[in-house]
Amino acid sequence: MPGKAQYYVPLVTTEAGSCLTCANWQEVGVDVIACNLDELLLKPGAVLLQKIDNLAHYLGWTGRVIVNASRLRANKEGIFTLVSPYDGARIKLNYAELFEIVNRIKPDVFIVPVNTINDAPYLWETVHSTIKVFIPANDLVNHPCPKSHGVYIHCAEEKLNHHVLEHVSRWTHLSCYVSGYFHGNELGQLRAQGVEYIETNAPALAGLEGKAYCGKEIMDLRDASYELDFDRLDSLCSCPTCSAQLTRAYLHHLYLNTPLLAQRFLIQHNAFAAQGLA
1 MPGKAQYYVP LVTTEAGSCL TCANWQEVGV DVIACNLDEL LLKPGAVLLQ KIDNLAHYLG
61 WTGRVIVNAS RLRANKEGIF TLVSPYDGAR IKLNYAELFE IVNRIKPDVF IVPVNTINDA
121 PYLWETVHST IKVFIPANDL VNHPCPKSHG VYIHCAEEKL NHHVLEHVSR WTHLSCYVSG
181 YFHGNELGQL RAQGVEYIET NAPALAGLEG KAYCGKEIMD LRDASYELDF DRLDSLCSCP
241 TCSAQLTRAY LHHLYLNTPL LAQRFLIQHN AFAAQGLA
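Following this line, the structure appears as structure tokens:
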């Protein structure tokens, strides 16, 4: 869709996403980042979130921030419960407390939990006017929302198939946010559908696992076949990793011996490549 801004959105609260600093993400041209709210509630934690005035400032991010709460599920009483993997503590919040935290941390975009417009419709009036709200598509089928909003679609499939694209096409009259495990051409297909935000952890996860995008291929640099491959990672790429003339052999040995540094190089490369495709 000509003139419509479209964004590749990495998740920075995942293991792979947190390998890069905000400065690292910005070095490869990323403008928008996403955080899973359930992960933020565990670390840095609900208590600290209630004291933060602005999530972007807290993260040191100068672009836009998305808070994705779609993985949270309330029980019949409208209570969200999380169990900390660190100490086993239970964190419980109701809808009002959840919305209060979101208003306090001031994301640019808020993806609400499933069933919110049915369970807590009165809370729409409490969302700050600067926060753009996205609602899961299935919730909008039977509960139209009069408040200005976008639509959120999560693709649980490992591959972006015809049925998913057809489903997406039904909603692109609204501002559309799609999340899933998307590589390469799949990002291009979603862009062709007019999707505004394409959230995926796949490029970062590939880098974490020692894999690099090269054209339409994904190279596994852990493979011994790269031991003596002195070609630049991708001769057509101008990301910081490729601009530094790092070779496949170098990155192969670096991953085996200093994986954290190699992962940063590979994630930056993959994120740069994803933006060329997204």
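At position 206 of the sequence shown the residue is numbered 206 (the UniProt record's numbering), and the sequence of numbers has no breaks.
No residue lacks a Cβ here, since even glycine has one placed at the ideal position from N, Cα and C.
If you're wondering where the values come from, they're calculated on a predicted model, not measured in any experiment.
When you compare the stretch 11 to 19 with the stretch 204 to 215, are there three or more beta-carbon pairs, one atom per stretch, that lie closer than 8 Å? yes
Checking 8 Å against the spacing of the C-beta atoms, do residue 68 and residue 89 come in under that value? no
What's the gap between the Cα of residue 1 and the Cα of residue 72? Because residue 1 carries a pLDDT of 45, less than 50, the predicted location of this residue cannot be relied on, and no value is offered for it.
Taking residue 289 as the reference, which of 101, 113 and 182 has the closest Cα? The question about residue 289 has no answer here: the residues shown for the chain are numbered 1 through 278.
Less than 8 Å separating the beta-carbons of residue 151 and residue 171? yes
Quick test of your reading: residue 9 and residue 66, contact by CB under 8 Å. State the CB separation rounded to the nearest angstrom. 6 Å
Compute the Euclidean distance between the alpha carbons of residue 106 and residue 53, then round it to the nearest angstrom. 7 Å
Candidates 5, 11 and 4: which alpha carbon is nearest residue 180's? 11
Taking 8 Å as the cut-off, decide whether the C-beta atoms of residue 274 and residue 160 are in contact. no
In the DSSP assignment, the alpha helix (DSSP H) including residue 79 goes from what residue to what residue? Unbroken run through residue 79 is the beta strand (DSSP E), 79 to 83; no alpha helix (DSSP H).
If you follow the alpha helix (DSSP H) that residue 169 is part of, which residue opens it and which one closes it? 162 to 169
Between residue 168 and the ligand FMN, is there a pair consisting of the residue's CB and a ligand heavy atom that are separated by less than 7 Å? The ligand FMN is absent from the structure shown, which contains no ligand whatsoever.
Does the Cβ-Cβ distance between residue 232 and residue 247 come in under 8 Å? yes
Classify residue 215 as helix, strand or coil using the three-state DSSP reduction. coil
Helix, strand or coil for residue 238 per DSSP? coil
Out of 216, 32, 271 and 191, point me to the one whose CA is closest to residue 184's CA. 216
Any idea if residue 252 is buried or exposed, counting beta-carbon neighbours within 10 angstroms, 16 or more meaning buried? buried
Hey, could you find the ends of the alpha helix (DSSP H) residue 250 is sitting in? 248 to 257
Excluding the 5 residues flanking residue 121 on each side, which residues of the same chain have their C-beta closer than 7 Å to its C-beta? none
Which one or two residues does DSSP pair with residue 35 in a beta bridge? 67
Could you pull the DSSP bridge partners for residue 110 from this structure? 67 and 133
Rounded straight-line distance, which links the Cα of residue 260 to that of residue 234: 20 Å
Limits of the alpha helix (DSSP H) - the one that residue 325 falls within: Absent from the model: residue 325. The displayed extent of the chain is 1 to 278, so no value can be given.
DSSP state of residue 269 mapped onto helix, strand, coil: helix
In whole angstroms, what separates the C-alpha of residue 164 from that of residue 86? 36 Å
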